[in-house]
Amino acid sequence: MVCGTFLGKTLEPYRSDRGDLYGATVAENQLIQSTLAADSTLKWDFWRPGLPLSVTRNPEFGWGSPDVSHLQRQFGGRVLVRGLPSLPTAAEVGEYVFVGGAPLLPVFSDVREQLPGCVPICGVLHAVCFPELVWQCTRILMAAEECDVMVATSRAGHRALETAFEAGAEKIARRLGCGAAAMAGPRIIDIPLGTDLPPEEALNREHARSLLNLPAGAFCVLFIGRLTQGYKADLDVLLGAVARLAASGRDVRLVLAGQSPSAAYIAHLRAHLGALQLTSRTLILENFPEFLKSSLFAACDAFVSPVDSIQETFGIAVLEAMAHARPVVATSWSGYRDLVVDGETGFLLRTKWSVESAHFVSAFATLLHPPELANYLSQRTVVDIDEFVHRLEYLASNPIAAEAMGRRARARVIEHYTWPQIARQYLDLWTDQLERARSVQTRERASFDYNSFFSHYADEALSAHDMLVSSGGRWTEQNITDFWGFGNARQVTEVRDLIRLCRIAPTRIADLLDQGYSRDCILWLAKKGICRIVSASARPEPVYESRSAAAAAG
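With the first letter of the sequence shown counted as 1, position 133 gets the number 135 in our numbering; the numbers rise by one all the way through.
Written out as structure tokens, the structure reads:
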């Protein structure tokens with residue numbers, strides 16, 4: 003079995019030197035790593051973005067390769083970075099599955115149209131907050147095969163995705179004048195994300211606090227997440243709750259750790275902490291290194307996550323805290339309700355949604371950047387701060403009960419959420435998809451073919467019977483490298499050989515291809531005017547070189 007995924011230009015590469023990466027990046031890396039570890043026959047292909055635009059380098063259109071070196075070091079040849087021209091062949095299609103995030107699903111569908119056979123698509127839903135979701139689901143409905151699936155990581159995400167497919171089906175039905183119920187989308191399968199289980203020795207609170215210089219007797223509250231109001235949570239409610247806890251005489255410490263994309267928001271947090279007299283009680287760790295994350299979880303008495311953003315679908319940090327045997331106080335929000343058992347492994351804080359605000363913003367949602375849209379709605383989502391203070395006070399006053407909650411949280415992770423368990427669910431799912439794909443009837447597909455759309459823009463099409471002829475210019479196989487920088491040494495040798503062949507005699511393109519020369523190098527020589535392509539119907543004109551040109555050619 004081979005899994006392939008396309009890496010977009012904006013996808014953040016894996017970073018082992020920084021904790022709290024984007025949740026989707028963390029999840030994708032861990033999913034790939036865990037499935038490779040669970041099945042020694044599995045292979046992963048990473049499709050490098052961009053095309054080889056020219057034989058020579060063109061920095062204007064340069065695309066970096068995805069950084070999967072950490073996976074290649076661990077799994078060797080089972081992890082391969084491939085260029086787009088080498089898409090799966092007919093022999094590979096029978097064991098191939100496309101896997102990727104929801105925004106890539108229309109891309110997978112379009113690419114599949116160009117391939118022989120049927121490649122199943124497994125879309126992993128990380129977030130459903132982008133306004134284009136309904137239109138993307140509409141495209142998926144039109145292209146979905148019975149072997150395709152969408153994986154929802156939470157019940158809340160599942161419901162949102164179902165709603166998006168229903169809305170997409172209604173759009174199609176209105177246009178076609180048919181019933182929306184007749185348009186079946188891909189199956190939605192529920193598989194949560196997972197986490198690595200830290201060893202028992204990593205849970206030692208005293209050791210972790212000594213590393214972080216936190217007082218041993220204080221009640222320590224930890225938040226890990228993006229330190230930005232728009233993407234994760236408005237932390238003002240957390241600061242207010244901790245301030246009230248401190249005002250009651252409690253020795254409390256607050257740790258805020260995570261990515262810090264906004265200096266302005268960090269400045270706001272520091273000013274707010276100062277106004278609440280919490281500065282000396284608070285440790286802010288911006289862009290902390292990955293190795294420190296486990297110590298942060300171990301040092302705290304309670305992990306808190308007052309998330310109010312529709313961008314949050316699952317909650318990896320919540321799961322990591324539970325794996326470290328720490329009770330969680332989180333908003334009753336989205337996937338958090340799947341993870342935290344209220345009153346047993348932590349507490350869920352009641353939230354209130356503004357129907358009127360959501361209705362207002364729906365009219366122009368597609369004109370907004372998703373974080374801006376999410377922030378607008380989160381600022382109108384209310385979290386019960388009195389309940390927040392009450393739950394923190396209970397954990398601070400009842401350390402034995404809090405420890406028991408943390409132990410139950412860790413047991414819940416062991417039972418349901420370790421990566422080996424999640425990996426096995428994915429491997430079984432992909433095996434089922436491949437089996438279903440074999441029964442899909444092959445049919446003519448209406449694909450986007452640039453020949454059909456644009457070949458008439460030119461006067462004629464290149465023919466294999468056309469001739470490659472020397473232009474008689476000053477460029478030679480020796481000085482050709484003085485002006486152009488080539489992509490690799492093989493192409494330099496190939497271009498030099500082609501120049502020599504064409505100076506001897508015109509040669510059919512078909513014959514050059516049969517001899518192993520690449521179409522790219524042949525076209526590059528003609529494109530740059532070093533050689534000419536003469537139509538098969540025309541007699542090649544003789545090439546007369548001046549004495550100076552002949553002398554330059556050596």
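Glycine included, every Cβ here is placed at the ideal spot set by N, Cα and C.
Next on the checklist: Rounding to the nearest angstrom, what Cα-Cα distance links S282 and R211 in this structure?
Outcome noted: Distance between the alpha carbons of S282 and R211 is about 16 Å.
Next on the checklist: Assess contact between the region 311 to 318 and the region 230 to 243, defined as three or more Cβ pairs (one per stretch) separated by less than 8 Å. Is contact present?
Outcome noted: A contact exists between the region 311 to 318 and the region 230 to 243.
Checklist entry - According to DSSP, is T7 helix, strand or coil? => result The answer is strand: DSSP assigns T7 an E or B state.
Checklist entry - When burial is assigned at 16 or more other CB atoms within 10 Å of the CB, is F433 buried or exposed? => result Inspection of the sequence shows that residue 433 is occupied by Thr rather than by Phe. Answer is exposed; the Cβ neighbour count stays below 16.
Checklist entry - Could you check where the alpha helix (DSSP H) with L285 kicks off and where it finishes? => result Looking at the DSSP string, L285 is not in any alpha helix (DSSP H); the run it does join, the beta strand (DSSP E), is T284 to E288.
Item to check | From E405, A269 and A146, residue whose alpha carbon lies closest to that of E346 | outcome: It is E405 whose Cα lies nearest to the Cα of E346.
Next on the checklist: I'd like to check one pair, G125 with L107: are the Cβ atoms closer than 7 Å?
Outcome noted: Taking a C-beta distance under 7 Å as the contact criterion, L107 and G125 qualify as a contact pair.
Item to check | D516 classed as buried or exposed, judged by whether at least 16 other C-beta atoms fall within 10 angstroms | outcome: Classified as exposed, D516 has fewer than 16 neighbouring CB atoms from the shown chains inside 10 Å of its CB.
Item to check | DSSP-derived helix/strand/coil call for Y546 | outcome: Residue placement at Y546 is poorly supported in this model, since its pLDDT is 44, which falls under 50; the coordinates are not used for a value here.
Checklist entry - Is there contact here, the region 215 to 225 with the region 253 to 262, by at least three beta-carbon pairs under 8 Å? => result Contact between the region 215 to 225 and the region 253 to 262 is present, because at least three Cβ pairs lie under 8 Å.
Checklist entry - Terminal residues of the continuous beta strand (DSSP E) containing W46? => result In the DSSP assignment, W46 falls within the unbroken beta strand (DSSP E) covering K45 to R50.
Checklist entry - In chain order, what residues of the same chain lie with their CB nearer than 6 Å to the CB of S111, ignoring the 5 residues before and after it? => result Beyond the five residues adjoining it in sequence on each side, S111 comes within less than 6 Å, by CB distance, of A145 in the same chain, given in chain order.
Checklist entry - Per DSSP, which one or two residues make a beta bridge with G159? => result According to DSSP, G159 bridges with nothing at all.
Item to check | Beta-carbon spacing of T197, Y419 below 7 Å | outcome: With respect to Y419, T197 sits close: the two C-beta atoms are nearer than 7 Å.
Item to check | Between the CA atoms of G408 and D430 - distance to the nearest angstrom | outcome: If I take the Cα positions, the gap works out to 31 Å.
Next on the checklist: Let me make sure I understand the geometry here. Which of P87, E134 and Q381 has the alpha-carbon closest to that of S356?
Outcome noted: With distances taken between Cα atoms, S356 lies closest to Q381.
Checklist entry - Expressed to the nearest angstrom, what Euclidean distance is found between the alpha-carbon atoms of G242 and Y378? => result Approximately 21 Å between the Cα atoms of the pair.
Checklist entry - By the 10 Å Cβ neighbour count, where 16 or more other Cβ atoms means buried, how is C139 classified, buried or exposed? => result Buried is the call here.
Checklist entry - For H326, does the count of other Cβ atoms within 10 angstroms reach 16, so buried, or fall short, so exposed? => result Per the 10 Å Cβ criterion, buried.
Checklist entry - Skipping 5 residues on each side, what residues in its chain have a beta carbon closer than 6 Å to that of P217? => result Hits under 6 Å: none found.
Checklist entry - Could you give the distance in angstroms between the alpha-carbon of D150 and the alpha-carbon of F485? => result When rounded, the distance between both Cα atoms is 50 Å.
Next on the checklist: Let's test the definition: count the other Cβ atoms within 10 Å of the Cβ of K529 and tell me whether it reaches 16, buried, or not, exposed.
Outcome noted: It counts as exposed.
Next on the checklist: Please classify T43 as buried or exposed, where buried requires at least 16 neighbouring CB atoms within 10 angstroms.
Outcome noted: By the neighbour-count rule (16 or more Cβ atoms within 10 Å), T43 is not buried but exposed.
Checklist entry - Are three or more beta carbon pairs between the region 27 to 44 and the region 131 to 138 nearer than 8 Å? => result No, the region 27 to 44 does not touch the region 131 to 138.
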